[in-house]
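Residue numbers (the UniProt record's numbering): 1 to 165.
First comes the structure, then the notes that go with it.
Take a look at the structure:
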């Protein structure tokens, strides 16, 4: 069981966080059209999984904007923003901000993603949400980079994620 902090207070996570060199677990998530999509929906593409607690927080919004800015410059790469937010909220935010180079996905129907990716917060005020993490996959879903951000209120290391691509 991994641990992260929120304002320095420890939170426990359950599941296995994928490490570089491993293959990413398959997943099914819900997109903004309320359709179920699977990891293989992006077969043959590189993927940045920007896993966040909620698009309605400033750090999550910032990471979504920053990855959106970089996405248009990345060849054969899709940025998937994964949270427990309802698809409506994530879609509304991206539409209002003009973010067109990210795909928002929700765990609200498929909690198993949180367990399979080791980001399921088990205690504290954010229990039930995803911890902040970035997982970068190659075209074959092999993990090139993974970062479980130790303090949820901190931004991920964007350069480390982008440099492996």
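Cβ atoms here follow ideal geometry from the backbone N, Cα and C, with glycine treated the same way.
Remember, predicted model here, so these are calculated numbers, not experimental data.
Per DSSP, cross-strand counterpart(s) of residue i
i	result
residue 147	134
residue 142	23
residue 43	Per DSSP, none; premise fails for residue 43.
residue 99	BP columns for residue 99 are empty, so no partner.
residue 121	13
Residue i - containing beta strand (DSSP E), residue span
i	result
residue 46	46-51
residue 83	77-83
residue 38	36-38
residue 106	102-106
residue 3	3-6
residue 29	28-30
Simplified DSSP state of residue i, which is helix, strand or coil
i	result
residue 12	strand
residue 54	coil
residue 127	coil
residue 33	coil
residue 155	coil
residue 109	coil
residue 18	coil
residue 91	helix
For residue i, the first and last residue of its enclosing alpha helix (DSSP H)
i	result
residue 162	158-163
residue 116	112-116
With 16 other Cβ atoms within 10 Å as the buried cut-off, status of residue i
i	result
residue 68	buried
residue 76	exposed
residue 7	exposed
residue 117	buried
residue 108	exposed
residue 127	exposed
Three or more C-beta pairs under 8 Å: does that hold for the segment 44-57 against the segment 118-138? Yes: the two stretches touch, three or more of their Cβ pairs being nearer than 8 Å.
Touch test, the segment 31-40 against the segment 147-163, Cβ-Cβ under 8 Å, three pairs minimum: Taking 8 Å as the limit for Cβ pairs, the verdict is that the segment 147-163 does not touch the segment 31-40.
Between the segment 96-112 and the segment 17-24, can you find at least three pairs of beta-carbon atoms closer than 8 Å? Too few Cβ pairs lie closer than 8 Å, so no.
Spell out a yes or no on whether the segment 77-92 and the segment 53-61 are touching, meaning 3 or more CB-CB pairs, one atom from each, closer than 8 Å. At 8 Å Cβ cutoff, the stretches touch.
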